[in-house]
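Chemist: Here it is, the structure, as structure tokens.
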Amino acid sequence: MDNEELELALLDVEERMDRAVEVAAENLARIRTGRASADMLDHLRVEYYGAPTPLRQLATVTVPEPRTLMITPFDVESAAAIEKAIMQSDLGLTPNVSGEGKTRIIRINIPELSEERRKDLVRVARHEAEQARVAVRNLRREANDAIRKAEKEGVLGEDDARRKLDDVQKQTDAHVARIDKLLEQKEQDLLTV
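So the number in the numbering used here is just where the residue sits in the sequence shown, counting from 1, plus 53.
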């Protein structure tokens, strides 16, 4: 392993750490709070003309009231498929389709979360965050192994290796801090009535 390969490996690890944080953010966004958010439906795929299509490509999603989502399909024909996708999703939401002719609107009322359900969702959020932290730490180990290997092979001196190990630790700490901040925000959202 030469110096250039090591730098590429470290860059790859950093990008994968960033991706782990992004995945954590996406997973945390999917956890339903008592409040309506257009992001709740981001992962939803609608079977439209035989192909799974992201909801955002078929309709606009707005939040007219704090506990109501309003979905306005671009094509009236897609309303039934959107309703079916919401019913079959793991969100536990019930859509109400209204309108006739060329206008169809799908409304979703977000039910109030019980205190017990909120605590369960906080546990789920903590689990998601911990999985992301573990992924980041595994990537740190991968980077540290590459640095130690380069040091053993004589590509890096002892001081350079120590400096790179410190840099990897700083990156790890920064990514874990981002995950912790995401978790803190989600817990606050979940516990605010």
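Quick reminder that beta carbons are idealized off the backbone N, C-alpha and C, glycines included. Predicted model only: the values in this text are computed from it and were never measured.
I need the straight-line Cα distance from F127 to L218, nearest angstrom please.
Modeler: As a first step, residue 127 must be located in the sequence shown, where it is residue number 74. As a first step, residue 218 must be located in the sequence shown, where it is residue number 165. Each residue's alpha carbon lies about 52 Å from the other.
Chemist: If the criterion is Cβ atoms closer than 8 Å, does the pair A227 and A77 meet it?
Modeler: Counted from its first residue, the sequence shown places residue 227 at position 174. Counted from its first residue, the sequence shown places residue 77 at position 24. Taking 8 Å as the Cβ cut-off, A227 and A77 do not qualify as a contacting pair.
Chemist: Near L108, what residues of its chain come up, given a Cβ to Cβ distance below 6 Å and the 5 sequence neighbours on each side ignored?
Modeler: To locate residue 108, count along the sequence shown from 1; it is residue 55. The answer, listed in chain order, is L94, L97, V99.
Chemist: May I have the straight-line CA-CA distance separating D143 from N56, to the nearest angstrom?
Modeler: On the sequence shown, residue 143 is found 90 positions in, with the first residue counted as 1. On the sequence shown, residue 56 is found 3 positions in, with the first residue counted as 1. Their backbone Cα atoms lie some 48 Å apart in a straight line.
Chemist: First and last residue of the beta strand (DSSP E) that includes M70?
Modeler: Residue mapping note: residue 70 aligns to position 17 of the sequence shown, counting from 1. First-last for M70: 56-83, but that is the alpha helix (DSSP H), not the beta strand (DSSP E).
Chemist: Touch check for the segment 138-157 and the segment 181-196: three-plus C-beta pairs under 8 Å?
Modeler: no
Chemist: Which residue from D92, T106, A104 puts its Cα closest to that of V114?
Modeler: One-based indexing of the sequence shown puts residue 114 at position 61. Of the candidates D92, T106, A104, the one whose C-alpha sits nearest the C-alpha of V114 is D92.
Chemist: Is the beta carbon of A214 sitting closer than 8 Å to the one on E204?
Modeler: Numbered from its first residue, the sequence shown carries residue 214 at position 161. Numbered from its first residue, the sequence shown carries residue 204 at position 151. A Cβ-Cβ contact shorter than 8 Å links A214 with E204.
Chemist: What did DSSP end up calling T156 once you bin it into helix, strand or coil?
Modeler: Taking the sequence shown and counting its residues from 1, one reaches residue 156 at position 103. Here T156 sits in coil by DSSP.
Chemist: Mind checking Y102: buried by the 16 CB within 10 Å criterion, or exposed?
Modeler: Stepping through the sequence shown from its first residue, residue 102 is reached at position 49. Exposed.
Chemist: Give every residue of the same chain whose Cβ lies closer than 6 Å to the Cβ of L192, excluding the five residues on either side of it in the sequence, and list them in chain order.
Modeler: Numbered from its first residue, the sequence shown carries residue 192 at position 139. Excluding positions up to five away in sequence, the list reads V66, R69, M70.
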